[in-house]
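Enquirer: The numbering of the sequence shown is full-length UniProt numbering, which starts it at 1 and goes up by one.
Just so you know, even glycine gets a beta-carbon here, dropped at the ideal spot from N, CA and C.
Sharing a structure here in structure tokens format.
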Amino acid sequence: MIPDVSQALAWLEKHPEAVKGICRGLERETLRVTPKGDLATTGHPESLGSAFTHKWITTDFAEALLEFITPVDGDIDHMLTFLRDVHRHTARELGEERMWPLSMPCYIDDGQNIELAQYGSSNAGRFKTLYREGLKNRYGALMQTISGVHYNFSLPMAFWQAKCGVQDAESGKEAISAGYFRLIRNYYRFGWVIPYLFGASPAICSSFLQGKESALPFEKTECGMYYLPYATSLRLSDLGYTNKSQSNLGITFNDLNTYVDALKRAIKTPSEEYAKIGLMKDGKHLQLNTNVLQIENELYAPIRPKRVTRDGESPSDALLRGGIEYIEVRSLDINPFSPIGVDEQQVRFLDLFMIWCVLADAPEMSSDELLCTRTNWNRVILEGRKPGLTLGIGCETAQHPLSKVGKDLFADLRRVAETLDGMTDSQEYQQVCDQLVASFDDPELTYSARILRSMIDNGIGGTGLALAEQYRQQLVQEPLEILTADALQKEHDASWQRQRDIEAADTESFDSWLEKKA
1 MIPDVSQALA
11 WLEKHPEAVK
21 GICRGLERET
31 LRVTPKGDLA
41 TTGHPESLGS
51 AFTHKWITTD
61 FAEALLEFIT
71 PVDGDIDHML
81 TFLRDVHRHT
91 ARELGEERMW
101 PLSMPCYIDD
111 GQNIELAQYG
121 SSNAGRFKTL
131 YREGLKNRYG
141 ALMQTISGVH
151 YNFSLPMAFW
161 QAKCGVQDAE
171 SGKEAISAGY
181 FRLIRNYYRF
191 GWVIPYLFGA
201 SPAICSSFLQ
211 GKESALPFEK
221 TECGMYYLPY
231 ATSLRLSDLG
241 YTNKSQSNLG
251 ITFNDLNTYV
261 DALKRAIKTP
271 SEEYAKIGLM
281 KDGKHLQLNT
291 NVLQIENELY
301 APIRPKRVTR
311 DGESPSDALL
321 RGGIEYIEVR
331 SLDINPFSPI
341 GVDEQQVRFL
351 DLFMIWCVLA
361 DAPEMSSDEL
371 LCTRTNWNRV
381 ILEGRKPGLT
391 LGIGCETAQH
401 PLSKVGKDLF
411 ADLRRVAETL
421 DGMTDSQEYQ
431 QVCDQLVASF
441 DDPELTYSAR
451 ILRSMIDNGI
461 GGTGLALAEQ
471 YRQQLVQEPL
481 EILTADALQK
491 EHDASWQRQR
501 DIEAADTESF
511 DSWLEKKA
């Protein structure tokens, strides 16, 4: 089932310098909660700076949903320490509130009471809030409170020069984009390994269903927790971040132009379902538009091709201009065993897996085959630890034991690990392989199995609160290592000044500004 990567791995072993200089970045989301574990109803703390313009600390869907962002970094330890410093600083500024350490939300009484993220009075700030209003009206606010970690990854120019013979980013944009699309297609085919190893949302609080029936065969505990005994990541299931209307968009990952064309078409395609919501009610905007996607970011994908945008530029126009610059991996649950939601082992695994995905052959995929890959993902998401579980390839009916496929994949990853370790005369990547491959023989080692044991004993609330309190104590007591109090204060002040400048520069009403954006 695993493609034959031996030639590509032999090439890598001869050109180890091609992967020297990988760049990464992390984005971590977390809900602010009260000491009792309820969703915080306070606004985003002003002492953290402007959520609209701060470089490192912002909000996602709701005022209570923090998002931390690291700068692009070539050093794993430095990146994780930077992220930890942001957590340390935030923990000190939150007073009695805690950061929720799980992907699925804490007890939430009524989804409509979740306050949308606020970004000030500028047209651009109001646009961001209105987009979230549309998300709430389309999918419900609860789905948007699910948290995750995004991992951004790019290969050095030396890789593309050695592998594809390109000179630079501009002249090589098509070859580089084709390489990243190969990575993405392999990710769709084999990325289920991420929720298998690191999925950490096998259960939900009953309040998440808001009284609705679910077709999933949940088991229920006395404290009102619903779980599936072999599930890995309910966050990635149909209960979580999915949008059924998006599965028919015909978006494929074979080349830049067809990908961007399909994305742009979705933004212009009217939706009967969303037209029923309407655009206005009692003088209040309800969504940006009634199309299948309000904006490109509404496409819920487990991985995205990205390029840093210029002012006023859409993500797809940025891709057309310069090609794919980096990849955003979006399938990581919050790691409940880390105070910062992610750890070094996961980053090193993702490095290895991304390199393998870009090296392995990846035949082009039709939109039908893309839908077929979802079958494997769903199987792993809902019953990944089930004894004897099998997976298929694309739309074929032949089945292969998950444990064998996983171990075959790791045999390749270990060769990549030896190449990376050889450059630093260390064993760090190989140790990651040795630690994780054991999970295919013993699923009890996976994150989902480990966290489920605690949840069955203590409930989601008990597990989440105990970890939140433990991490709060830890982070508050630790000194900053990279950021300084002065640097944090400067960014705080600068972020508020940037917001004021943007607000002062507005010259037209929101409605007329919005019309031009349509």
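Please confirm if the segment 418 to 437 is in contact with the segment 374 to 394, defined as three or more CB-CB distances below 8 angstroms between the two stretches.
Expert: Cβ pair count under 8 angstroms is below three, so no.
Enquirer: Helix, strand or coil: how does DSSP classify residue 57 here?
Expert: Residue 57: strand per DSSP, three-state reduction.
Enquirer: If I follow the unbroken alpha helix (DSSP H) through residue 139, where does it start and stop?
Expert: Element bounds for residue 139: 123 to 139.
Enquirer: So what's residue 519 in DSSP terms, helix, strand or just coil?
Expert: Since the displayed the chain opens at 1 and closes at 518, residue 519 lies outside it and no answer follows.
Enquirer: DSSP has residue 517 in a bridge; who is on the other side?
Expert: According to DSSP, residue 517 bridges with nothing at all.
Enquirer: Is the beta carbon of residue 173 closer than 8 angstroms to that of residue 322?
Expert: Closer than 8 angstroms, so yes.
Enquirer: Taking the CB atoms as reference points, tell me whether residue 148 and residue 330 lie closer together than 8 angstroms.
Expert: In this structure, residue 330 lies closer than 8 angstroms to residue 148 by Cβ.
Enquirer: For residue 133 and residue 287, I'd like the C-alpha separation in whole angstroms.
Expert: Spanning the two alpha carbons is a distance of roughly 6 angstroms.
Enquirer: Go ahead and label residue 279 buried or exposed: buried means 16 or more other beta carbons lie within 10 angstroms of its beta carbon, across all protein chains shown.
Expert: Its Cβ having fewer than 16 others within 10 Å, residue 279 is exposed.
Enquirer: Give every residue of the same chain whose Cβ lies closer than 6 angstroms to the Cβ of residue 218, excluding the five residues on either side of it in the sequence, and list them in chain order.
Expert: Closer than 6 angstroms at Cβ, skipping near neighbours: 226.
Enquirer: Decide yes or no for the touch test of the segment 49 to 59 against the segment 457 to 471: beta carbon pairs closer than 8 angstroms, at least 3 of them.
Expert: With a cut-off of 8 angstroms, the segment 457 to 471 and the segment 49 to 59 do not count as touching, because too few Cβ pairs lie within range.
Enquirer: Which residue or residues does DSSP assign as beta-bridge partners of residue 66?
Expert: Note: residue 66 sits in a beta bridge opposite 30, 59.
Enquirer: Run through DSSP, which three-state label would residue 270 get?
Expert: In the structure shown, residue 270 sits in a strand (DSSP, three-state: E or B).
Enquirer: Thinking just about the alpha-carbon of each residue, which of 441, 493, 203, 248 is nearest to the one in residue 231?
Expert: Minimum Cα distance to residue 231 is reached at 203.
Enquirer: Any idea what DSSP makes of residue 329, helix, strand or coil?
Expert: Strand at residue 329.
Enquirer: From what residue to what residue does the alpha helix (DSSP H) around residue 387 run?
Expert: No alpha helix (DSSP H) contains residue 387, which DSSP labels as neither H nor E.
Enquirer: Give the secondary structure of residue 107 by DSSP, where H, G and I count as helix, E and B as strand, and everything else as coil.
Expert: Coil.
Enquirer: What does the Cβ neighbour count give for residue 351, buried or exposed, with the cut at 16 atoms within 10 Å?
Expert: Buried is the call here.
Enquirer: Please specify which runs of the alpha helix (DSSP H), each continuous and at least 4 residues long, are wholly inside the segment 393 to 468, giving them in chain order.
Expert: 402 to 424, 428 to 437, all fully within the segment 393 to 468.
Enquirer: Let me know if residue 397 comes out buried or exposed under the rule of 16 or more other beta-carbons within 10 Å of its beta-carbon.
Expert: The residue is exposed, with fewer than 16 neighbouring Cβ atoms inside 10 Å.
Enquirer: Is DSSP giving residue 180 helix, strand or coil here?
Expert: If DSSP states are grouped into helix, strand and coil, residue 180 belongs with the helices.
Enquirer: Please report the straight-line C-alpha distance between residue 513 and residue 296, rounded to a whole angstrom.
Expert: Between residue 513 and residue 296, the C-alpha separation is close to 19 angstroms.
Enquirer: Within a Cβ cutoff of 7 angstroms, which residues of the same chain sit near residue 503, ignoring the five residues on either side of it in sequence?
Expert: If we look at residue 503 and ignore the five residues flanking it on each side, its Cβ neighbours are 120, 121, 122.
Enquirer: Just verifying my parser: in three-state terms, what is the DSSP assignment at residue 301?
Expert: Residue 301: coil per DSSP, three-state reduction.
Enquirer: Decide if residue 252 is buried, meaning its Cβ has at least 16 other Cβ atoms within 10 Å, or exposed.
Expert: With 16 or more Cβ atoms within 10 Å of its Cβ, residue 252 is classed as buried.
Enquirer: For residue 226, write down the residues that DSSP places opposite it in a beta bridge.
Expert: DSSP output for residue 226 lists 204, 220 as bridge partner(s).
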